[in-house]
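These notes concern the structure reproduced below.
In full-length UniProt numbering, the protein residues as written are 1 to 477.
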């Protein structure tokens, strides 16, 4: 063992100072050494954070899209927070829908003269859904009906006042005429004592009495005896002139309103490129410009065919909105439709009378409409149509119209029977019964329910009814 000490070490310890040990050999917590920042590690950390943020945004967008699709399947309007704002195509489509809705509202306002504020509150977000447009159009229709009823009420008050005034004048004139007739009769009796012989002037005088005829008989007898050539002139001027051509619905009520409903129907995804919308609207406009009965009947069959094809082209969600728009369309053009149906009914009645007369002349041979048409007294509706009767009776406006409903259902059943003769007149009669029940509905809600029920029945018997319309159209050509 080496006991030799270095002089330096001895000198260091001679002072009595404590010797510091290295840091690595000390006990307790060690001081934290701050390493210089690495740029590569910092960039990697930022890249990881950015990737996680993008993943989070992608997941949120997928969740919003799933929620939006669920709302569409449920048939509910989209909430503003559910709409995808990061898609420019969606924004453009919403702006187009809003523009079309505003154009439709402006057209309704100009047509009905109704002032209504469609601006929503600043606290509520804008909603561009077709349901809102339909509700606004219903509001306009109701307000237009209120204004029409107010105008009719004012006219009724004016007419009542005029009738009261006229009644007072008639009573006054009746009293004056009574007094005048009594005075005139007294003067005639007094003058008959000194009446000359009026036979020279063509006046008939009674042989037993000396009274003369009335002034009207004097004038007519004098004209016939003194001027025989006036007979031909009187016959020419008093002949009944030919009946003029019936005016059209456009001439009576102005052009029909079709642009509003056309725009609303084109907004639906199912009918965006459907040609039957334009065909149905254009055919109706042409119907309002004409008054030919035969052409109107054929045109009505084409219109119903276009309507059915348009409804068949819709999906389940859009079909309900289409029926609501068609009810509003019928309400806005009520006068035009009523006038058209009147012309068609007159044509069918005249054709039925002609067939009946021809059948009577032929000794009872030939088809009879009364033989092929059945009534609710001879045939009861089937269980399927019994359900249709029950559904129609649930409508408040049709609660007391059971006979007409059964007649409609039995008429439908007779047309669906292959052994029954299917004619154009019988199909028009079926449409007439449907229009009669529809006119009995007092409110828009009842008319919409009636449209829902009849469309459900048509959908369940689509093949039979389509073939029926096609056969009748082929026979009418």
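Ideal Cβ positions, reconstructed from N, Cα and C, are used throughout, including at glycine.
Check the Cα spacing between residue 258 and each of 327, 399 and 447: the tightest is with 327.
DSSP, reduced to helix, strand and coil, places residue 268 outside both helices and strands of the structure shown, so it counts as coil. Taking the C-beta atoms as reference points, residue 430 is found nearer than 8 Å to residue 412. Counting other Cβ atoms within 10 Å of its Cβ, residue 52 stays below 16 and is therefore classed as exposed.
Going by C-alpha positions, residue 457 is about 14 Å away from residue 320. Counting only runs that start and end inside the segment 246-329, there is no beta strand (DSSP E) element of at least 3 residues.
Pairwise C-beta distances place the segment 270-280 in contact with the segment 307-325, as three or more of them are shorter than 8 Å. The segment 89-99 makes no contact with the segment 285-301: fewer than 3 CB pairs, one atom from each, lie closer than 8 Å.
Close CB contacts of residue 442 within its chain, under the 7 Å cut and outside five residues either way in sequence, are with 397 (chain order). For residue 39, the enclosing alpha helix (DSSP H) begins and ends at 39-74. Ranked by Cα distance from residue 409, the options 103, 399, 388 and 395 are led by 388. Residue 385 sits buried, since 16 or more C-beta atoms from the chains shown fall within 10 Å of its C-beta.
Residue burial is scored here from C-beta neighbours: residue 255 has fewer than 16 other C-beta atoms within 10 angstroms and is therefore classed as exposed. Residue 338 carries a helical assignment under DSSP once its states are collapsed to helix, strand and coil.
Comparing alpha-carbon positions, the option among 339, 314, 333 and 260 lying closest to residue 247 turns out to be 339. In this structure, the beta-carbon distance from residue 141 to residue 331 falls below 8 Å. Ranked by Cα distance from residue 459, the first of 448, 311 and 395 is 311. Out of 155, 63 and 278, the CA that lies nearest to the CA of residue 303 is found in 278. Excluding sequence positions up to five before and after residue 324, its CB lies within less than 7 Å of the CB of 134 and 448, all in the same chain and listed in chain order.
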